[in-house]
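Just add 379 to the spot in the sequence shown (first one is 1) and you have UniProt numbering. In this text, a Cβ means the ideal position worked out from N, Cα and C, and glycines have one as well. Being a predicted model, the structure only gives us computed values, none of them experimental. First up is the structure itself, then whatever we jot down about it.
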Amino acid sequence: IALEEDLRAAVEAGAFRLDFQPIVELATGMWVGAEALLRWPHPTRGLVPPLDFIPLAEDSGLVVPLGEWVLRTALQHRVAWTPRLHCRQDFCVSVNVSVRQLAEPGFVDVVTDALAASGVPPEVLVLEMTESVFIDEEAGTLAVLRALRDLGVRIALDDFGTGYSALSYLRRFPVDILKLDRSFIAGLLGTAQDQAVTRAVIGLAQQLDLDLVAEGIETYDQLEILRQLGCRLGQGFLLQKPMPADTLPAHCPSSA
Ligand code: G
Ligand code: G
Ligand code: MN
Ligand code: NA
Numbered sequence: 380i381a382l383e384e385d386l387r388a389a390v391e392a393g394a395f396r397l398d399f400q401p402i403v404e405l406a407t408g409m410w411v412g413a414e415a416l417l418r419w420p421h422p423t424r425g426l427v428p429p430l431d432f433i434p435l436a437e438d439s440g441l442v443v444p445l446g447e448w449v450l451r452t453a454l455q456h457r458v459a460w461t462p463r464l465h466c467r468q469d470f471c472v473s474v475n476v477s478v479r480q481l482a483e484p485g486f487v488d489v490v491t492d493a494l495a496a497s498g499v500p501p502e503v504l505v506l507e508m509t510e511s512v513f514i515d516e517e518a519g520t521l522a523v524l525r526a527l528r529d530l531g532v533r534i535a536l537d538d539f540g541t542g543y544s545a546l547s548y549l550r551r552f553p554v555d556i557l558k559l560d561r562s563f564i565a566g567l568l569g570t571a572q573d574q575a576v577t578r579a580v581i582g583l584a585q586q587l588d589l590d591l592v593a594e595g596i597e598t599y600d601q602l603e604i605l606r607q608l609g610c611r612l613g614q615g616f617l618l619q620k621p622m623p624a625d626t627l628p629a630h631c632p633s634s635a
């Protein structure tokens, strides 16, 4: 409860920060975009990790105003980078969205308004969500995802492979990108099963014409095998750790 009160005050004060972790084209090292990661620097508890407060924000409904702050702030950072981004002008910004936000009436209006206010083209925005959004079909998730797609925004499935992945959802829902969960990458060299799953998901993405991001690449061996298997994109501490928004353009590779 104490933490919830702090969280409420922090949401009202906008006392958060976004770090960004690049999404990298594995063949070239080029950055195609970056994922916004929410940080809460708490006056006494230190930096509170998202896993400690996102569930609380979801249960209390605070994730709705907080998520709107994340979206607007991420787009503002993208605008600030534009003149300094020598990598590419179609550099994407990915924002994590919780099911609770999607279920909120007016979410599509919030996204529409945030895009208009920032002037960022919709194609540049990626909304990351977990497979749990599919459970909530009754709540009109499909209609919301279609409306987002109609705006031109892309949808990524985060932590893919760990959740409720009835694969039929990939046909029925407008998904653009799969993010293969880092647990599979962690087991890539150790277990035949994780390598088989990774191969299968790479094939699935190719067949369904989806983009694929391997998460949590931490070693050169993992990077090399993912390249060999034909995985196009990746993210991970080996490639680049999350960094403060201000420092991103200076680190962005200028070309291949
Ligand atoms: O940044 P870190 O690896 O600690 O993130 C842990 C978890 O918190 C991840 O699952 C990530 O998707 C989630 N997360 C990070 N930022 C946000 C955010 O802005 N909104 C939501 N809903 N989840 C986030
Ligand atoms: O669930 P999601 O994919 O949004 O989680 C993002 C989280 O993963 C962030 O908190 C980020 O710090 C973390 N992360 C990013 N790269 C790596 C990595 O290479 N290894 C590990 N263990 N975590 C990572
Ligand atoms: Mn994510
Ligand atoms: Na993930």
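Option nearest residue i by Cα separation, candidates the options
| i | options | result |
| --- | --- | --- |
| Gly566 | Arg457, Arg611, Phe470 and Gly595 | Gly595 |
| Pro501 | Met508, Gln480, Glu483 and Arg528 | Arg528 |
| Arg533 | Val490, Gln574 and Ser562 | Val490 |
| residue 688 | Gln614, Leu386, Arg396 and Leu583 | No information on residue 688 is available, as it lies outside the stretch 380 to 635 that the chain covers here. |
| Lys620 | Phe486, Thr570, Val403 and Gln601 | Val403 |
| Met508 | Ala579, Gln480, Glu384 and Thr407 | Gln480 |
| Ala381 | Leu416, Arg424, Gln614 and Glu414 | Arg424 |
| Leu455 | Asn475, Ala496, Pro428 and Val443 | Correcting the residue identity first, residue 455 is Gln in this sequence and not Leu. If we check each option's Cα against that of Gln455, Ala496 comes out closest. |
| Leu521 | Tyr548, Leu426 and Leu504 | Tyr548 |
| Trp410 | Glu384, Asp469 and Gly446 | Asp469 |
| Glu384 | Ala493, Ile514, Ser439 and Asp625 | Ser439 |
| Val487 | Gly498, Val503, Leu450 and Ser473 | Leu450 |
| Leu445 | Glu603, Ala571, Glu391 and Leu524 | Glu391 |
| Asp573 | Phe552, Ile604, Gln586 and Val554 | Ile604 |
| Glu414 | Ala526, Asp431, Thr452 and Arg387 | Thr452 |
| Arg550 | Asn475, Arg525 and Ala406 | Arg525 |
| Val505 | Gly519, Gly498, Val458 and Val554 | Val554 |
| Leu530 | Val472, Val458 and Leu494 | Leu494 |
Nonlocal neighbours in the same chain, by C-beta distance under 7 angstroms from residue i, ignoring five residues either side
| i | result |
| --- | --- |
| Asp560 | Asp538, Phe539, Gly540, Thr541 and Glu594 |
| Arg463 | Pro628 |
| Ile581 | Leu591, Leu608, Gly609 and Cys610 |
| Gly393 | Trp448 |
| Thr626 | none |
| Val427 | Trp419 and His421 |
| Arg576 | Per the sequence shown, residue 576 should be read as Val rather than Arg. Hits under 7 angstroms: Gly540 and Phe563. |
| Phe616 | Glu597 |
Check: residue i C-beta below 7 angstroms from any heavy atom of ligand 1
| i | result |
| --- | --- |
| Gly499 | Per the sequence shown, the amino acid found at residue 499 is Val instead of Gly. False, no ligand heavy atom lies under 7 angstroms from that Cβ. |
| Ser477 | yes |
| Leu435 | no |
| Leu416 | yes |
| Pro428 | yes |
Residues near residue i in its chain [Cβ-Cβ closer than 8 angstroms; skip 5 each side]
| i | result |
| --- | --- |
| Met622 | Asp398, Phe399, Gln400 and His630 |
| Ala389 | Phe395, Trp419 and His421 |
| Val442 | Ile433, Ala436, Ser477, Arg479 and Gln480 |
| Ala571 | none |
| Val499 | Leu454, Arg457, Val458 and Val472 |
| Leu612 | Ile402, Val403, Glu404, Leu405, Val411, Asp590, Leu591, Val592 and Ala593 |
| Gly485 | none |
Cross-strand partners of residue i (DSSP beta bridge)
| i | result |
| --- | --- |
| His421 | Gly425 |
| Ser633 | None, per the DSSP bridge assignment. |
| Leu416 | Asp398 |
| Met409 | Bridge partners of Met409: none, in fact. |
| Gln619 | Gly615 |
| Phe539 | Leu559 |
| Val474 | Ala415 and Leu506 |
| Arg533 | Val505 |
beta-carbon residue i near ligand 2 non-hydrogen atom, thresh 7 angstroms
| i | result |
| --- | --- |
| Ile596 | yes |
| residue 639 | Since the displayed the chain opens at 380 and closes at 635, residue 639 lies outside it and no answer follows. |
| Gly425 | no |
| Gly615 | yes |
| Leu445 | no |
| Pro621 | yes |
| Gln572 | no |
| Arg561 | yes |
Cβ neighbours of residue i in the same chain (closer than 6 angstroms, five flanking residues each side left out)
| i | result |
| --- | --- |
| Trp460 | Pro628 |
| Pro429 | Leu417 |
What does the shell around ligand 3 hold, if a residue joins when its beta-carbon is under 7 angstroms from any heavy atom? Glu414, Ser473, Asn475, Glu507, Asp537 and Lys558
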